[in-house]
Amino acid sequence: MGSGSKRKAVVPAPEPNDVDMSDAQSDVSGDESVMSEKEEIPQPNKAPGIFHAPTTQELVELREGAELFKSNSFKLQLEEFLREVSASESQRSTVEKFLMTLHEHLMNLPSIAPCKPPTMIEKRIAVPYPAPLPSQDSQWTVSFERPSNIQLVGSWANGVAVRGNDHTGFSIDVGVEMPSSLLREKDYLNARYFHQRAYYLAVIASSLSAKGNSLGLTAEDLAYESLEYDIRRTTLVISPTKDSSSELCRSKSPLSIKIIPILPSNHPLSERHLGPNRACIRTSISSDLDPTPTPLYNNTTLLGTTPISHLLLIHTAKSQIPAFGDTLALLRVWANQRGYGTGASHKSDSNSSPAARCVRGFGCLGAWWSAVIVYLVLGGKQIKGVKKQARIGRGLSSYQLFRAVLDFLAKHDFGTSPVFLGESPFDLADWKEQHDAVFVDASGKYNMLAGVPLESLELLRLDAQASLALLDEASDEAFEAVFLHDLRNPRLRFDYSLRVPLDCAKSKNETLSATLEWSSRTNALLSQLTTTIRKALGTRVKACVVLQPAPTLRPLSQSSPTPVPYIELGLVLDQTEAPRLVDYGPPADDPAGSELFRAFWGPKSELRRFKDGRILESVVWEVAHPDERAYIPGRLVRHILQFHFGIELEPVQRTVYDEVVRLPSSVIKRYSSVAENLMTFRPVQTAFDALVKQIKAAEDLPLALVTASPISPYLRGTSTFYPWPVNLGRYPTLPDSIRYIPPMDVVLQLEKSARWPDDLVAIQKLKLAFFVGIADGLRAQDPKIQTAVALDSDATEVDIRDNCSLEVVTPSGFAFRLRIYHDREKTLLDGMMESSPGAKDALRLHQTRFIHMPRHHAAVAALSHRFPSYAPTVRLVVRWLGAHLVLPHISHELIELVVAREFLKPGRSPTSVPTAFARVVQTLVEWRWREEPLVVPLFSALDEQGSKDYKKLVKDAEDACRALRREDPTLGRGAWVVSTEEDVQGLRWPGPKPVVAARVQQIAKATLEHVLSHEVVEKTIFLHPLADYDFVIRLEPGVLPRYGENITADERVWTVSRGYSNRSVDEAPLVGFDPAAEYLADLRRAFGHLALFFHDPHGGDVIAGLWDPKPTTQVTPFKVMLGYSAKPVEEDKVAFNKKGAIAEMEIMGSGLVRSIETKA
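Read in order, the letters of the sequence shown are residues 1 to 1160 in full-length UniProt numbering.
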């Protein structure tokens, strides 16, 4: 879609709140916006009504909009967007008042003497102790003293907060500094520091929930939250309910306060013992000689020292980088829209958004986004052996900086290239050995990417690449796709997604040390699960990530976070490697490698000899049909989950998407002799090639065949059903309901000759003669070939347009319809445009049939080879539109273009059919077709030059669309404008009328809602309700040759015996005979000016209609030739006679129509 229309930039239902994106620390969540305040530039006074030359500043802004943003409208959208995600002055004032009261409350809390760690405080506040849990036999104690300092930390403190997603508003992080007297040097061992931290937090919670507190809070206004389901990162959240008396409720946008216990700068903990290779959890089963390092535990302990340093880092960056605040806002919103955050925190008893799925590992990276900007602009510590990152200019605009950050994320390999913002006291080898990804903050001790799976960073790289490609377009659509679209739903985002319940999951290699390291059994399990599945998939995927629900805010009476109930696996497939049948292992002479391979794959592993002589351990995925290769990634994941983690899932089965594009087995068994599991598009292509060879070998043809160009969807793989070859021996005995033989159109071009006549009527006669000669030549080579020269149903003796064809039925059971292209016809028709009334229609038919369709066929066939999932997606979309009765209004070629756009537009192309289908439906929902064209670069590849051509095509298409709407404001030429390089105006292929286009949009909206909200898509999205139509004509299924294709076909129609039939054994096949289509054409000719007709050409047994309200409801004076059945209503006035029209329709369909139902 282009950028023709103007749209106000509105923040979508905000995404995972920034609770995850806090700058303070992983515990911190600061959802926030940015917008550093800029100095006002004095504007020169201008007299009203007088035009002045633009000022220098105005010229600079105009040039920036044109060159930097590629579009002034894009620049304006960006500025408005930044204002909308920022906090208002009234919100800041409300927060300031509340924080002053909170500060006073916390500083007046009484001390509590040292005691054994209690599990509850005042029998109502649970203490969120992490494992290993303290016991009454513990030698250490916990106590409480008022905070040594209370500091506003995170993004809010620096004015760079952004509004969170899912209506969560803003989150303000408050760091409460625990006095150093509460801690001892060895409290880093066995979670002692975390026990003291948990007790400290619980005491604060108890005081805030006490009756009569100065802030007006109750226990219902307070909750615990644990980011990434890690109890060691627990914070206290003040989120008042609607009935609360707290000042925070007065804000229009929700406000929440997070209280985060932090370490003082003079804390006694020994930081040298918290290096990545140190072991700080000692269990009874661990070895003192070789303890297991605890890098994640150590890193989380050091997290308590980072909020103040990260606050100062942001302050310094903001003072040195003018556009830092706006850049951080754009980056956070971009990340939130893609699930790189904690998600929307909500009470455990509330209904969360079903789309609030978060990429695992990013729930604690609030400060990391600002650190990336600092690293790119201010630089970091140079690491030996790692390529130095070039610095970016400080004076860049927010848009330039945002693009630079995306470029870094799109290219940097975090798995091999560590990043250090400061000098580290720990060895680089230790960092790389203990952490998958390394991004160390300015202290040199805290790894901001600790615990983030490399698989999640792979997805981040792909998302950054896709966004950069979209920004190159710089249109309204690009702005919306980058900043406004919620991309967290896996049905649209991933090529394959799978929900995995964790209630019964258990790792075969579960250990106590891993559970303590990851703080919970579930987190340890997910760490191993992610790595194992990624290893199994190998090159089949570009990314494999775990999505988890947003963490819940739990009541103060619940100490531990609710375990993750389920996860969703999201796969971005490699279209070449994903359907691979064999996973190769080590050779037979490698016993150690073979043992590891068998241990990993279990019973699926086997030793095989391959055709090239190799003997390898391997895993072979057997398929019964080539289409089933698309199921292999799902089968592989299920096997790994079952074998390694004991997770039993339903086996991969044929989905509704597969069922609706396949004929019923009972039809295939009667109709064809080919086995169901062997049918593809290859047999028809083979038959076509053989036919062309036979025509070229035919003797006695006056002109030789030069080229044969297929123009049929069956010959480019986009027809709804496979072209099943009919068994000619059974054809006479087939029931009428499954006798349809689809013709495949082919254009023949003969060698040039000056002997062609200059008379168009004579040319058509000569074509008939050629067809007779070709038919004789084919039968001479193979007597089993059946041929018939056919005239179009509306052909006349003096036709100047192409009106004849040759129907050929091959012995293999395929039917072809051949037409002859003569290039001189166009020249002759051009010369007759003014003298002959039918020349214009004849020329349009000639150009469509002989010029446009072969070009379109070639481009679509090439696209099908480039994107294997393209053609199956077209088949599915055609089936879906047909099932909803709108297919007669939309040409097949137009549907192919609409689907092609999803594969050719900037960004990441879909690799699986379900995802591509969902994106096509989403496009139909969001497309503002009244103002915007749909731009499809079908004939150019998106290389560097192709990208430039695409930008020009977008601009030309938008200009053409605007001009077309000015010329045709009622959209009489069609509602959709689908532009290609060769048809910028989008008039080449017939499109729907506005009424039909609006209907398609409503159907698409309902379909998309179902697809996104259901784990298993049901057939209901292909079932069309008929209640809204004015009348419904029900046809007799038994006489419809295509009824076997019906979406809800009743098999009894063709399986129940109908008695004896007096048919000749030598009965010739009727190619393309479809009485329902002919009846629909008759209805359109007779009543097309009075009603719109809807029908499913794929075996539909109903024709539905909507009356045009203007001619069918108005009362007009009587006159001859009104054009419709009328009845008298007043003196000399008549009205449309609906009953009479319905009766005429029934008479026209005598023998075909079963009944006609009308709306009361």
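No residue lacks a Cβ here, since even glycine has one placed at the ideal position from N, Cα and C.
Owing to the predicted nature of the structure, the values given are computational and were not obtained by experimental measurement.
>> Give the list of continuous alpha helix (DSSP H) stretches no shorter than 4 residues that lie fully inside the UniProt domain "Nrap protein" (491-645).
In response: Scanning the UniProt domain "Nrap protein" (491-645) for uninterrupted alpha helix (DSSP H) segments of 4 residues or longer gives 512-518, 521-537, 591-601 and 632-645, listed from N- to C-terminal end.
>> Quick check on C961: does DSSP put it in helix, strand or coil?
In response: As a working note, residue 961 is residue 961 in the sequence shown. Of the three classes helix, strand and coil, the one that applies to C961 here is helix, per DSSP.
> Quick check: the stretch 719-729 against the stretch 797-804, are there 3 or more CB pairs under 8 Å?
Replying inline: Too few Cβ pairs lie closer than 8 Å, so no.
>> Taking the straight line between their C-alpha atoms, what separation do you get for residue 1181 and F721?
In response: For the chain, the structure presents residues 1 to 1160; residue 1181 sits outside this window and is missing.
> Between which two residues does the beta strand (DSSP E) containing V176 stretch?
Replying inline: Translated into positions along the sequence shown, residue 176 becomes position 176. V176 -> beta strand (DSSP E) spans F170 to E177.
> What runs of the alpha helix (DSSP H), each 4 residues or longer, lie entirely inside the stretch 66-134?
Replying inline: Runs of alpha helix (DSSP H) with 4 or more residues, each lying fully within the stretch 66-134, are found at 72-84 and 89-107, listed in chain order.
>> Can you find the residues in the same chain that come closer than 6 Å, C-beta to C-beta, to G1149, ignoring five residues on each side of it along the sequence?
In response: By 1-based counting over the sequence shown, the position of residue 1149 is 1149. Counting only Cβ-Cβ distances below 6 Å, and skipping sequence neighbours, we find Y1079.
> Thinking C-alpha only, which one of I1033, A780, L182 and S805 is nearest A788?
Replying inline: Indexing the sequence shown from 1 puts residue 788 at position 788. The option with the nearest alpha carbon to A788 is S805.
> How many angstroms separate the CA atom of L734 from the CA atom of V878?
Replying inline: Numbered from 1 along the sequence shown, position 734 holds the residue referred to as residue 734. Numbered from 1 along the sequence shown, position 878 holds the residue referred to as residue 878. As the crow flies, the alpha-carbon of L734 is around 27 Å from that of V878.
>> Taking its Cβ as the centre, do 16 or more other Cβ atoms sit within 10 Å of S467, making it buried, or is it exposed?
In response: Position 467 of the sequence shown holds residue 467. Per the 10 Å Cβ criterion, buried.
> Given a threshold of 16 other Cβ atoms within 10 Å of its Cβ, counted over all protein chains shown, does Q434 qualify as buried or as exposed?
Replying inline: Here residue 434 corresponds to residue number 434 of the sequence shown, with the count starting at 1. Within 10 angstroms of the beta-carbon of Q434 lie 16 or more other beta-carbons, which makes it buried.
>> Could you check whether the stretch 113-128 touches the stretch 137-153, counting it as contact only if at least three pairs of C-beta atoms, one from each stretch, sit closer than 8 Å?
In response: Result yes; three or more Cβ-Cβ pairs closer than 8 Å.
>> If contact is defined by three or more beta carbon pairs under 8 Å, each pair taking one atom from either stretch, is the stretch 922-938 in contact with the stretch 953-964?
In response: For the pair of segments examined, the stretch 953-964 was found to touch the stretch 922-938: the number of CB pairs separated by less than 8 Å reaches three.
> Does DSSP classify W1107 as helix, strand or coil?
Replying inline: For this step, residue 1107 is matched to residue 1107 along the sequence shown. Strand at W1107.
> Taking the alpha-carbon positions, what's the L459 to C544 distance?
Replying inline: Your numbering for residue 459 matches position 459 in the sequence shown. Your numbering for residue 544 matches position 544 in the sequence shown. Each residue's CA atom was taken as its position, placing L459 and C544 some 7 Å apart.
> My guess is that R360 and L547 are in contact by the Cβ rule of under 8 Å, so how many angstroms apart are they, rounded?
Replying inline: The residue you call residue 360 lines up with position 360 of the sequence shown. The residue you call residue 547 lines up with position 547 of the sequence shown. Correct: roughly 7 Å between the Cβ atoms.
>> Runs of 3 residues minimum, wholly inside the stretch 684-732: which ones carry the beta strand (DSSP E) assignment?
In response: You should have 705-710.
> Does any residue of chain B bring its CB to less than 8 Å from the CB of C961?
Replying inline: Note that chain B does not occur in the displayed structure, where there is just one protein chain.
> Terminal residues of the continuous beta strand (DSSP E) containing D1028?
Replying inline: The residue labelled residue 1028 in the question sits at position 1028 within the sequence shown. No beta strand (DSSP E) contains D1028, which DSSP labels as neither H nor E.
>> Could you give the first and the last residue of the continuous alpha helix (DSSP H) run that contains V237?
In response: Stepping through the sequence shown from its first residue, residue 237 is reached at position 237. Taken as a continuous stretch (DSSP letters only), V237 belongs to no alpha helix (DSSP H), being part of the beta strand (DSSP E) at T234 to I238.
> Whose C-alpha, out of R1154, A1104 and L471, is nearest the C-alpha of N882?
Replying inline: Taking the sequence shown and counting its residues from 1, one reaches residue 882 at position 882. According to the sequence displayed, residue 882 carries Gly and not Asn. The shortest C-alpha separation from G882 is found at A1104.
> Contact check, P633 vs R540 under 8 Å by CB: the rounded distance?
Replying inline: What you label residue 633 is simply residue 633 of the sequence shown in a count that begins at 1. What you label residue 540 is simply residue 540 of the sequence shown in a count that begins at 1. About 6 Å separates the CB atoms of P633 and R540; that is less than 8 Å, so the two are in contact.
>> For the stretch 294-304 against the stretch 378-387, do three or more pairs of beta-carbon atoms, one drawn from each stretch, fall closer than 8 Å, so that the two count as touching?
In response: These segments do not touch.
> Over what stretch of residues does the alpha helix (DSSP H) that includes E931 continue unbroken?
Replying inline: For the purposes of this step, residue 931 is taken as residue 931 along the sequence shown, with counting starting at 1. That residue, E931, is in no alpha helix (DSSP H); it is neither H nor E in DSSP.
>> Here's the rule: buried if 16 or more other CB atoms are within 10 angstroms of the residue's CB, otherwise exposed. What is E893?
In response: Taking the sequence shown and counting its residues from 1, the one referred to as residue 893 is at position 893. Under this definition E893 is a buried residue.
> Considering only residues of the same chain and omitting the five flanking positions on each side of A13, which have a CB-CB separation below 8 Å?
Replying inline: Residue 13 sits at position 13 when you count from the first residue of the sequence shown. Confidence at A13 is low in this model, with a pLDDT of 34, below 50, so the placement of that residue should be treated as unreliable; the coordinate-derived value is given next. The residues are N165, D166, H167, S353 and D486.
> Which term fits L581, buried or exposed, when burial requires 16 or more other beta carbons within 10 angstroms of its beta carbon?
Replying inline: Numbered from 1 along the sequence shown, position 581 holds the residue referred to as residue 581. Exposed, since its Cβ has fewer than 16 Cβ neighbours within 10 Å.
> Hey, out of A131, V661 and L470, whose CA is closest to E480's CA?
Replying inline: If you number the sequence shown from 1, residue 480 lands on position 480. Ranking A131, V661 and L470 by CA distance to the CA of E480 puts L470 first.
>> If you measure between the beta carbons of F1136 and T1112, is that distance less than 8 Å?
In response: In the sequence shown, the residue the question calls residue 1136 occupies position 1136. In the sequence shown, the residue the question calls residue 1112 occupies position 1112. Closer than 8 Å, so yes.
> Taking the alpha carbon of H1098 as the point to measure from, which residue in S497, L876 and T416 has its own alpha carbon closest?
Replying inline: The count along the sequence shown starts at 1 and reaches residue 1098 at position 1098. Taking the Cα of H1098 as reference, the smallest distance to any Cα among S497, L876 and T416 is reached at L876.
> Would DSSP call C249 helix, strand or coil?
Replying inline: As a first step, residue 249 must be located in the sequence shown, where it is residue number 249. Helix, per DSSP.
>> Across the stretch 600-612 and the stretch 623-633, are there enough close Cβ pairs to call them in contact, namely three or more that are closer than 8 Å?
In response: Segments in contact, no.
> If you run the structure through DSSP and keep just helix, strand and coil, what is Y870?
Replying inline: Residue mapping note: residue 870 aligns to position 870 of the sequence shown, counting from 1. It is helical.
>> Just verifying my parser: in three-state terms, what is the DSSP assignment at T796?
In response: The residue labelled residue 796 in the question sits at position 796 within the sequence shown. The answer is coil: DSSP assigns T796 none of H, G, I, E or B.
>> So for P261, helix, strand or coil by DSSP?
In response: Along the sequence shown, one-based indexing puts residue 261 at 261. Three-state DSSP puts P261 in a strand.
> To which residues does DSSP link E807 through a beta bridge?
Replying inline: For the purposes of this step, residue 807 is taken as the residue at position 807 of the sequence shown. The partner list for E807 (beta bridge, DSSP) reads A788 and R817.
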